[in-house]
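Peer 1: Under our numbering, residues 337 to 856 are what the sequence shown spells out, in order.
Ideal placement from N, C-alpha and C gives every residue a C-beta, glycine not left out.
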Amino acid sequence: MASSETTPLLRQESQTSYAPDEEHENTAAPRNMFARNLGALDGFALLISIVIGSGVFSSPGPIDANVPSPGAGLLIWLLGGIVAWTGALTMAELGTAFPGEGGIQPYLSYIYGDVFGYMAAWSWIVATMPATLAILSIVFVESIYSSLGINEPDPPLTHKLLSLLVLVVVTTLNSISTKTSTRLSSFFVAIKLLTILLLIIAGLVVVFVYAGQGKDLGGGDWHHHNWFASRDTVLPDGTRFDWTKVTTWESLGFYSTALYGALWAYSGWDKANYVAAELRDPSRQLPMSINTAIPTIILCYVAANAVYYVLLPWEVVSTTDAAAVTAVTHFLGKGVAYFATALICLVIAGSAIGNSFVAGRMTVAAANNNWIPHVLGTVGQLGTLKITKSGGSESEAATEAMDKGESPINALILNTILSAIYILLGNMRILLTLNGLAEYAFFFLTVLGAIILRFREPELPRPVKPFILIPILFAVISGFVVVRGAVFAPVQAAILVGIWLSGVVLYYVRLWMLNNRAAR
């Protein structure tokens, strides 16, 4: 998951406001501030850095626990990549049709009305971003424990307390100065690419040694068993799940849950339109960048997950929430594994810092749009107390202050409190499904809206216009996954429905208050 680990994305977030459609002209200006001097190769590199993140190190376990075979698990990673690919192309269509906008909120406002843009922002602030930070904090701690040989199905309270500590440290770093996270972004990009490369090399070494000498340095199962044959899955609590007793409808529920794990690892594909801001010829170079970067990422992810099945006994993969650390520990022993753990924890920390940064920006933007209390949009203030030089009451002042390094402390505190609640009440696997449902419900609506606009406004300029079957494919898959996933995980679905209903109530209360104020 790396949707916010790169400087271009972070810069663009600082210029974005989630405004309704009548403000499109005003929000287009910031995009012109970027020099259009990048080519397709630069766009390729930017997309690689945006999308590849920590999910490839942590999602394999939850995915493997919800599929009947390693081969099916790899197909889930492939399908997740196809969803990301089709989604990125569709988002590029919307991003070039409505230049200057960032995120899906303005698209939803334009297509369906202001309330839908508000609901997307509300869902991201209350559910998606806090759940993401909670997952990253949990995975950071579990990676350390995994390197020590500790993989507990029901982690004790100490694990949650340490996860809370990680969360507080991340928030503190962003509260000190927003420049802290942006300066570290390039470093984290290099670390995560290096880590994936080392994993793939380790897998190739095992395969070549076995092919040349007949000596297995890995888990053994990879050359003894059929990769696509159904087998009993060992769950984190040690119980075995018999796939022969599962109906087709039930299996689709498991596959939907597995797909959420893969989609979390591909997070960031929806930011493809940000890359267009700096390309010389977006209509030609953006599709080229997407059509090379996403397949490359798919290849990296499928290869890395194949390596996990090579390095580990298959019964182990489904039980760990830190597959990369567990695999390296099994292959090289604890000594070298500590180094690998440090690399992977750095990747996770980079994801957490970047996502915390963007969560603060999103909250400020929503507050400046009068969608949430204005105090959450202040910069350089703790509550109503000004504690730094800057911190304005207007959106422009807040944006300028953040660009100078000031922090949206109130927004960060809100996000930390919500993330802490998710850490205390959930675990990684529950939160992955919650996050997936929250994101893809609105991604489905956004891409469906792009299809609707093809017929409602056929004359709308679309510098990037993928073949109509591409958004249709995304809409069909994402729509099914959301519905089936909600049926399969009713608790997470009920929580989200509660969050959305409260958001609707707050939206209309806000309208009533604004109308009363205007009437006076």
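Given this structure, state the Cα-to-Cα distance separating I486 from K670, to the nearest angstrom.
Peer 2: Cα to Cα, I486 sits roughly 12 Å from K670.
Peer 1: Do L805 and S625 have their CB atoms nearer than 7 Å?
Peer 2: No, these two residues do not count as a Cβ contact at 7 Å.
Peer 1: Pick from S473, G762, P492, F452: whose alpha carbon is nearest that of V827?
Peer 2: For the residues S473, G762, P492, F452, the minimum Cα distance to V827 belongs to G762.
Peer 1: Within the chosen definition, does the segment 465–481 reach the segment 683–696 through at least 3 CB pairs nearer than 8 Å?
Peer 2: Judged by Cβ distances under 8 Å, the segment 465–481 makes contact with the segment 683–696, as three or more pairs qualify.
Peer 1: According to the neighbour-count rule (16 or more other Cβ atoms, all chains shown, within 10 Å of its Cβ), is Q549 buried or exposed?
Peer 2: That one is exposed.
Peer 1: I'd like to know if the segment 630–644 and the segment 405–418 are in contact, where contact means that at least 3 CB-CB pairs between them fall below 8 Å.
Peer 2: The segment 630–644 is in contact with the segment 405–418.
Peer 1: Quick check on this structure: which residue in A786, N751, L773 has the alpha carbon closest to the alpha carbon of V504?
Peer 2: For the residues A786, N751, L773, the minimum Cα distance to V504 belongs to N751.
Peer 1: Comparing alpha-carbon positions, which option in P618, V582, I633 lies nearest S603?
Peer 2: Per the Cα distances, I633.
Peer 1: Given this structure, state the Cα-to-Cα distance separating L754 from T464, to the nearest angstrom.
Peer 2: Cα to Cα, L754 sits roughly 10 Å from T464.
Peer 1: Counting only the same chain and skipping the five closest in sequence on each side, list residues whose C-beta sits under 8 Å from that of P466.
Peer 2: A695, N751, L754, S755, I757, Y758, listed in sequence order.
Peer 1: Would you report the Cα separation of F476 and V582, rounded to the nearest angstrom?
Peer 2: Those two C-alpha atoms are separated by around 33 Å.
Peer 1: In whole angstroms, what separates the C-alpha of I527 from that of R792?
Peer 2: So the two alpha carbons sit approximately 45 Å from each other.
Peer 1: Using a Cβ-Cβ cutoff of less than 6 Å, which residues in the same chain neighbour P862 once the five nearest sequence positions on both sides are dropped?
Peer 2: What is shown of the chain runs 337 to 856, which leaves residue 862 out entirely.
Peer 1: Beta-carbon separation of G589 and F816 under 7 Å?
Peer 2: No, the pair does not count as a contact, with Cβ atoms beyond the cut-off.
Peer 1: Rounded to a whole number of angstroms, what is the C-alpha to C-alpha distance between E488 and V652?
Peer 2: For E488 and V652, the distance between alpha carbons rounds to 12 Å.
Peer 1: Reducing DSSP to helix, strand and coil, say where T580 ends up.
Peer 2: Of the three classes helix, strand and coil, the one that applies to T580 here is helix, per DSSP.
Peer 1: Run the CB neighbour count on N562, radius 10 Å, all protein chains shown included, and call it buried at 16 or more, exposed below.
Peer 2: It counts as exposed.
Peer 1: Residue ranges of each alpha helix (DSSP H) run of no fewer than 4 residues wholly in the segment 397–454, ordered along the chain?
Peer 2: Listed in chain order, they are 406–433, 441–448.
Peer 1: Identify every residue that forms a DSSP beta bridge with V570.
Peer 2: Beta-bridge pairing links V570 to R576.
Peer 1: Mapping DSSP to helix, strand and coil, what is I553?
Peer 2: The identity of residue 553 in the sequence shown is Leu, whereas the question assumes Ile. Reduced to three states, the DSSP call for L553 is coil.
Peer 1: My guess is that G417 and F564 are in contact by the Cβ rule of under 8 Å, so how many angstroms apart are they, rounded?
Peer 2: G417 to F564, Cβ: 19 Å. No contact.
Peer 1: Starting from R697 and walking both ways along the alpha helix (DSSP H), at which residues does that stretch end?
Peer 2: Note, R697: alpha helix (DSSP H), 670–704.
Peer 1: Measuring only the C-alpha atoms, how far is L773 from G821?
Peer 2: C-alpha separation (whole angstroms): 7 Å.
Peer 1: Using CA atoms only, rank isn't needed, just tell me which of V542, S445, A629 is closest to T422.
Peer 2: Ranking the options by Cα distance to T422, first place goes to A629.
Peer 1: At what residues does the alpha helix (DSSP H) containing D378 begin and finish?
Peer 2: Where D378 is concerned, the enclosing alpha helix (DSSP H) stretches over 376–387.
Peer 1: Does DSSP put E615 in a helix, a strand or coil?
Peer 2: Sequence inspection shows Leu at residue 615; the Glu mentioned does not correspond to that position. Looking at L615 - three-state DSSP - the assignment turns out to be strand.
Peer 1: The alpha helix (DSSP H) spanning T752 covers which residue range?
Peer 2: Unbroken alpha helix (DSSP H) run through T752: 745–761.
Peer 1: When you compare the segment 525–540 with the segment 690–704, are there three or more beta-carbon pairs, one atom per stretch, that lie closer than 8 Å?
Peer 2: No, the segment 525–540 does not touch the segment 690–704.
Peer 1: Please list, in chain order, all residues of the same chain as P328 whose beta carbon is under 7 Å from its beta carbon, the five residues on each side excluded.
Peer 2: Coverage of the chain is limited to positions 337 through 856, which leaves residue 328 absent and any answer about it impossible.
Peer 1: Taking the alpha carbon of A456 as the point to measure from, which residue in L533, W707, F803, V819 has its own alpha carbon closest?
Peer 2: The residue with the shortest Cα to Cα distance from A456 is W707.
Peer 1: Of all the options W605, D573, L377, which has the alpha carbon lying nearest to the alpha carbon of F779?
Peer 2: The residue with the shortest Cα to Cα distance from F779 is W605.
Peer 1: Reducing DSSP to helix, strand and coil, say where E349 ends up.
Peer 2: Below a pLDDT of 50, predicted positions are generally treated as unreliable, and E349, at 39, falls in that range; no measurement from the model is reported.
Peer 1: Within the continuous alpha helix (DSSP H) that includes T806, where are the two ends?
Peer 2: First, the residue type needs correcting, since residue 806 is Ile and not Thr in the sequence shown. I806 -> alpha helix (DSSP H) spans 805–824.
Peer 1: So, for W848: in the same chain, excluding its five sequence neighbours on each side, which residues have a beta-carbon less than 8 Å away from its beta-carbon?
Peer 2: Correct list: empty, nothing qualifies.
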